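Below is one structure, written out as structure tokens, with a few remarks after it.
Protein chains in written order, with the working numbering: chain A, 13 to 186; chain B, 13 to 186; chain C, 13 to 186.
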């Protein structure tokens, strides 16, 4: 992948959107990406309330702009009545990549079983990878860390590019 | 959580509903809950045949009664032509909580690989958590045991209550 | 199970269908099945392009023929724009068996994390089990190996037959 990954970060939170709370999830995602060795640049930061239509709209706009390779949402993946990020995000996707969400839950749930209650979603819209992560700073950054190594390859595949790593004889392609 | 969890248990089985077989799945669920340290009270026990409309109806009725926090179904999660509990339950849910089902399969499948064939479903309707578990007594009770510790927190979230455990700085929220 | 499992293998690949590439995924599936101890016979081998309608059609035809117990597809489960096998297969299924796909990803992803990007699908149409596996020879054969031991039981269940292994007192049924 010759170009750094262009990342949009979207904090989904009534409290943050209304100004009642400080945004901690978004910065935690940025720090987790910075701590990874993935070449990337954060091209957009936004905060929206837990409103499905708003969530759906912002994912569509970002993915369809042609200027974003990865949309990371943080917030709204729990079980409470206001948590509707997964359904909203899912409506925007061409397809899900369930293994990324499974891996997040399996890895973060090992030390923190409540992580199994998170309803992370990963998938592709057009040529953009979309990840919906928990709202807590630690939850979001742990999940990003778990899949960070897979992101460059995932985004190349979503873009329709050839994977750069040579496939050995019998090597596994996804 | 100040109040004990109000549990409804539903055995889904043609054989039990017709009187041909004894209900062992329902009692196994009750024993598994009793063995856990979760404060709860079983408010309802029912047995129905493997009929999707019946299954769907009973979940709706129980969840919408306002008197049940947790619906536990046992039976109909296999791969045979009569096993249609997952689809029926899914139609009643506002959303699924896939991590609970993933965890059940991963944990119970470690010692008993055939557990990976079970199509458990977990999700929320209104403010009620719904779990669809295997029909075998051991399968159902093993699955309940695997998620028991998560149930009080899951139900509080579904009710829209604040989680009681304090969130540490950077603590993971689901 | 008294009869060997009747297996149809379908290679999904634009390159193979056009003759530009050799089919390696299909033979890898055959070898993985041969290496397992599952009594089976390969009754059909086909290659089709990555066209959703074609994929959907061939699964329906094979499953509805009454002459195939297991359809194994290899290819089209990645994240690239042409990878549409999961969606096409899903439209043919009566229900999914998510645990089989979860197990494939968890097991093959342990040594090869990129396996988490694969969008395997497992499910049942009528009385036929359908598996959609990655296109790479190693990916496909690793996934088959991971679930091989479960296939005879899964197919018996899908056929509506009684499981042959006696259920011990408290034994887990799926």
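Backbone N, C-alpha and C define an ideal beta-carbon position, used for all residues, glycine too. Bear in mind that the values here come from a model prediction, so they are computed numbers and not experimental data.
For this session: Report yes or no: is there a C-beta of chain A within less than 8 Å of the C-beta of residue 142/B?
Result: no
Exercise. Counting contacts by CB-CB distance shorter than 8 Å, is residue 130/B in contact with chain C?
Worked result: At a cut-off of 8 Å between C-beta atoms, residue 130/B counts as an interface residue with respect to chain C.
Exercise. If we ignore side chains and look at the alpha-carbon of each, how far apart do residue 18/B and residue 73/B end up?
Worked result: 14 Å
For this session: Determine, using beta carbons only, whether residue 100/C and residue 60/C come nearer to each other than 8 Å.
Result: no
Exercise. What does residue 85/A reach in chain B if we use C-beta pairs closer than 7 Å?
Worked result: Here the premise fails: no neighbours, minimum Cβ distance about 14 Å.
Problem set entry | Presumed contact (8 Å Cβ cut-off) between residue 130/C and residue 111/A, rounded CB distance | 6 Å
For this session: Look up residue 79/A in the DSSP assignment and say whether it is helix, strand or coil.
Result: Three-state DSSP puts residue 79/A in coil, outside helix and strand.
Problem set entry | Own chain partners of residue 106/C with C-beta closer than 8 Å, once the 5 adjacent residues on each side are dropped | 135, 136, 137 and 138
Exercise. For the alpha helix (DSSP H) that residue 167/B lies in, which residues bound it at each end?
Worked result: Where residue 167/B is concerned, the enclosing alpha helix (DSSP H) stretches over 163–171.
For this session: Specify, as a first and last residue, the run of the beta strand (DSSP E) that residue 135/C falls within.
Result: 133–137
For this session: Would you please state the rounded distance, in angstroms, between the beta carbons of residue 148/A and residue 43/A? I believe it to be under 8 Å.
Result: The Cβ separation is near 14 Å, so there is no contact.
Exercise. Nearest to residue 143/C by CA position, among 81/C, 168/C, 91/C and 25/C, is which residue?
Worked result: 81/C
Exercise. Using a C-beta to C-beta distance shorter than 7 Å, which residues of chain A count as neighbours of residue 161/B?
Worked result: The contact set of residue 161/B on chain A, defined by CB atoms closer than 7 Å, consists of 125 in chain order.
Exercise. Are the C-beta atoms of residue 115/A and some chain C residue less than 8 Å apart?
Worked result: yes
Exercise. Which value, in whole angstroms, describes the spacing of the CA atoms of residue 25/A and residue 15/B?
Worked result: Roughly 29 Å separates the two Cα atoms.
Exercise. In its own chain, which residues sit with a C-beta less than 7 Å from the C-beta of residue 133/C, not counting the 5 before and 5 after it?
Worked result: 98, 101, 102, 108, 113 and 144
Exercise. Who are the near neighbours of residue 95/C in its chain, counting only those whose CB is closer than 8 Å to its CB and skipping five residues on each side?
Worked result: 62, 88, 89 and 131
Exercise. Helix, strand or coil: which one does DSSP assign to residue 27/C?
Worked result: It is helical.
For this session: May I ask which residues mark the beginning and end of the beta strand (DSSP E) holding residue 8/B?
Result: Any answer about residue 8/B is impossible in this case: the structure gives chain B only from 13 up to 186.
Exercise. Chain A partners of residue 99/C, CB-CB under 7 Å?
Worked result: 107
Exercise. What does residue 121/B reach in chain C if we use C-beta pairs closer than 8 Å?
Worked result: 111 and 115
For this session: Please compile the residues from chain C whose C-beta is within a distance smaller than 9 Å of the C-beta of residue 172/A.
Result: 92, 93 and 94
Problem set entry | Assigned exposure category for residue 53/B - 16 Cβ within 10 Å defines buried | exposed
Exercise. Looking at C-alpha atoms only, which residue of 93/B, 78/B, 76/B and 70/B is the closest neighbour of residue 85/B?
Worked result: Of 93/B, 78/B, 76/B and 70/B, the smallest CA-CA separation from residue 85/B is found for 70/B.
Exercise. For residue 166/A and chain C, any beta-carbon pair shorter than 8 Å?
Worked result: Closer than 8 Å to some Cβ of chain C, the Cβ of residue 166/A qualifies, so yes.
Exercise. Which bits of chain B does residue 118/C rub up against, with CB to CB less than 8 Å?
Worked result: The answer, in chain order, is 118.
For this session: Can you give me the Cβ contacts of residue 184/C inside the same chain, cut-off strictly under 6 Å, excluding the 5 residues immediately before and after it?
Result: Low confidence applies here, because residue 184/C scores a pLDDT of 44, under 50, leaving its location unreliable and the question unanswered by this model.
Exercise. Does residue 183/C get closer than 8 Å to chain B when you measure Cβ to Cβ?
Worked result: Interpretation of residue 183/C is limited by its pLDDT of 40, a score under 50 that renders its predicted location unreliable; no figure is taken from the coordinates.
Exercise. Shortest alpha-carbon distance to residue 165/B belongs to which of 120/A, 128/A, 47/A and 141/A?
Worked result: Nearest option by C-alpha distance: 128/A.
Exercise. Can a CB atom of chain A be found closer than 8 Å to the CB of residue 178/B?
Worked result: Bear in mind that a pLDDT of 38 at residue 178/B, under 50, signals an unreliable position, so the number given afterwards is only what the model happens to contain. Taking Cβ atoms only, chain A never reaches closer than 8 Å to residue 178/B, which makes this a no.
Exercise. Between the C-alpha atoms of residue 122/B and residue 22/C, what's the straight-line distance to the nearest angstrom?
Worked result: 31 Å
Exercise. Per DSSP, what kind of secondary structure is residue 57/B in: helix, strand or coil?
Worked result: strand
Problem set entry | Unbroken alpha helix (DSSP H) run spanning residue 122/C, endpoints | From DSSP, the alpha helix (DSSP H) with residue 122/C extends over 110–123.
For this session: Flag this pair as yes or no: are the beta carbons of residue 38/C and residue 57/C separated by less than 8 Å?
Result: yes
Problem set entry | Segment limits, alpha helix (DSSP H) that includes residue 148/B | Note, residue 148/B: premise wrong, no alpha helix (DSSP H); not H, not E.
For this session: Compare the beta carbon distance of residue 91/B and residue 169/C with 8 Å and say whether it is the shorter of the two.
Result: yes
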